[in-house]
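Undergrad: Protein chains in written order, with this note's numbering: chain A, 1 to 250; chain B, 1 to 250. Heads up, the beta-carbon is just placed ideally off N, CA and C, and yes, glycines get one too. Can you keep this structure in mind? I'll have questions shortly.
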DNA sequence: AGCTCATGTAAAAGTCGTTCACATGAGCTG
DNA sequence: CAGCTCATGTGAACGACTTTTACATGAGCT
């Protein structure tokens, strides 16, 4: 009957030794499969080979496990965005777009994290640590927007960086939640989510008066060679599009 | 002890008479309060004054109740967007912005519907009826984008309407989910979600080459008086902003 | 009046989340 | 090394929820 459990026990002894981490990993897998709503504390325990009560030695309750995952998610998110931004190299606009792609790549490649962070209904603002982590991630976008705003062409009024950051965030989040994940991803789109977001951001930047065919006007020359991209997306048009940010205008 | 239940029974007899509707209403209230994840089939039954098994005479399971709500949500959403669009009156750009505000207003005023539709993890594309309803709602945005695209100024290449529609949708959804609801709404923003979205859309449209200080160039004159707005938002700047779509540039 | 079937009920099985008293054994202390 | 301690894990139990099943009720038709 229960020789399976006995065997498990035999293999690892009464004490698991690394249960907290095992639970986090198990939960991550389960959330990726069935979403944060479908994920079960008992399931995670089973998967780790311990009783249903064991997890309570490491997490106050199910929500705390979820929060821990969201926390980690925000940290990884931040580090990904930081890498993508790469302090604005080789030029601000290019780096800025790379951040947008990194956002989508994260949502696509780490569905469990993204789910826990943004789609689990978890009250982020009720948890100071979580809120701080979320803030830190957002600050990357904010910093990038700041740099971009500083490049505003002479004729145009300088847009508020905070507003730009919020706009970019909402575009990224909107594209990610609507088109880049789950079932809505199956909707037949005229272009990939990556291209959709890139076009959206480019049009937006142009609306602010930024030249959008790479390498903005101001400032001294920056190192021209493009470093290896962190995420290998679906491939973007290499040069600047002559007509518009989207493909051929029919 | 259970005279309460007996009394209920006495008031309405063995048969409820309108249980399906009562359950939908109860669920709507519960979802608005605690989110789709927290909503419970048993709770809805209790609220309607029937046993926990009764709902199964009207819905295959909990998910079907949720789907029904989402379905209704999409229908109301569609009719709201339709009203806001008002076939492009008094002019295309004004009507277009009204659609954006209607999107936010719906998310704010009908949190239960919005939650069921977009945040419940419900597999919309697995349910043909739901998918169709969602499609119909999106088609309003699509139609509006189509009309807008047709107004593209002579110099600019005509943007694909479908792409524009997807962009607008993602902006609206992004702003709504990030800033216009739940806990994230508490984040201290430099402007209201409505203003944020309006600025975002205006900048975007300007990026496409549209004149954004009301009343676009082309076409014959349309009736000038602005009809009463469907949603009384937080108040927009009345005329065209001289500097930019956002407020004063510092 | 009597039938029938949609609609409601109680009871029961299975799952979860959570708590509690108790078991185990890793690591320290003498 | 004996013994102690405390972090970590167990099993049993409670209440809530979902869903199924057999049975009850009564509204509407004949």
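1) Please compile the residues from chain B whose C-beta is within a distance smaller than 8 Å of the C-beta of residue 169(A).
2) Is any beta-carbon of chain B found at less than 8 Å from that of residue 114(A)?
3) I'd like to know if residue 162(B) contacts chain A, where contact means its C-beta is closer than 8 Å to some C-beta of that chain.
4) Check whether the region 43-57 of chain B and the region 83-98 of chain B touch, using three or more Cβ-Cβ pairs below 8 Å as the test.
5) For residue 139(B), which three-state DSSP category applies?
6) Hey, out of 37(B), 123(B), 162(B) and 192(B), whose CA is closest to residue 181(A)'s CA?
7) Is there a Cβ of chain B sitting closer than 8 Å to that of residue 141(A), yes or no?
8) If we require 4 or more residues per run, which alpha helix (DSSP H) segments fall completely within the region 152-187 of chain B?
9) How should residue 117(B) be labelled, buried or exposed, when 16 other C-beta atoms within 10 angstroms of its C-beta is the threshold for buried?
10) What did DSSP end up calling residue 99(A) once you bin it into helix, strand or coil?
11) Answer yes or no: does any C-beta atom of chain B fall closer than 8 Å to that of residue 203(A)?
12) Restricting to runs no shorter than 4 residues, where is the alpha helix (DSSP H) found entirely within the region 29-57 of chain A?
13) With burial defined as no fewer than 16 other Cβ atoms inside 10 Å of the residue's Cβ, what is the status of residue 14(A): buried or exposed?
14) If you measure between the beta carbons of residue 168(B) and residue 81(B), is that distance less than 8 Å?
15) Is the Cβ of residue 207(B) closer than 8 Å to any Cβ of chain A?
16) Does the region 125-138 of chain B come into contact with the region 69-80 of chain B, if we say contact requires no fewer than three beta-carbon pairs (one atom in each stretch) closer than 8 Å?
17) What are the boundary residues of the alpha helix (DSSP H) that includes residue 193(B)?
18) So for residue 12(B), helix, strand or coil by DSSP?
19) For the alpha helix (DSSP H) that contains residue 189(B), what are its first and last residues?
20) So is residue 190(A) in contact with chain B if we call contact Cβ pairs under 8 Å?
21) Of the choices 65(B), 57(B) and 56(B), whose alpha-carbon is the least far from that of residue 30(B)?
22) By the three-class DSSP mapping on this structure, what secondary structure does residue 88(A) have?
23) List the residues of chain B that residue 35(A) touches, going by C-beta distances under 7 Å, in chain order.
24) Is residue 108(A) helix, strand or coil by DSSP?
25) Quick one: grab the DSSP three-state call for residue 61(B).
26) Using only the alpha-carbon positions, how far apart do residue 93(A) and residue 211(A) sit?
TA: Based on what the coordinates show:
1) 174 and 178
2) no
3) Interface residue, yes.
4) no
5) helix
6) For residue 181(A), the closest of 37(B), 123(B), 162(B) and 192(B) by C-alpha to C-alpha distance is 123(B).
7) no
8) 161-179
9) buried
10) helix
11) yes
12) Within the region 29-57 of chain A, the complete alpha helix (DSSP H) runs of at least 4 residues are 41-48.
13) exposed
14) no
15) yes
16) yes
17) Per DSSP, residue 193(B) belongs to the alpha helix (DSSP H) from 193-207.
18) helix
19) Unbroken run through residue 189(B): none, as it is neither H nor E.
20) yes
21) 65(B)
22) helix
23) 121
24) In the structure shown, the three-state DSSP call for residue 108(A) is helix.
25) coil
26) Spanning the alpha carbons of residue 93(A) and residue 211(A) requires a straight line of approximately 9 Å.
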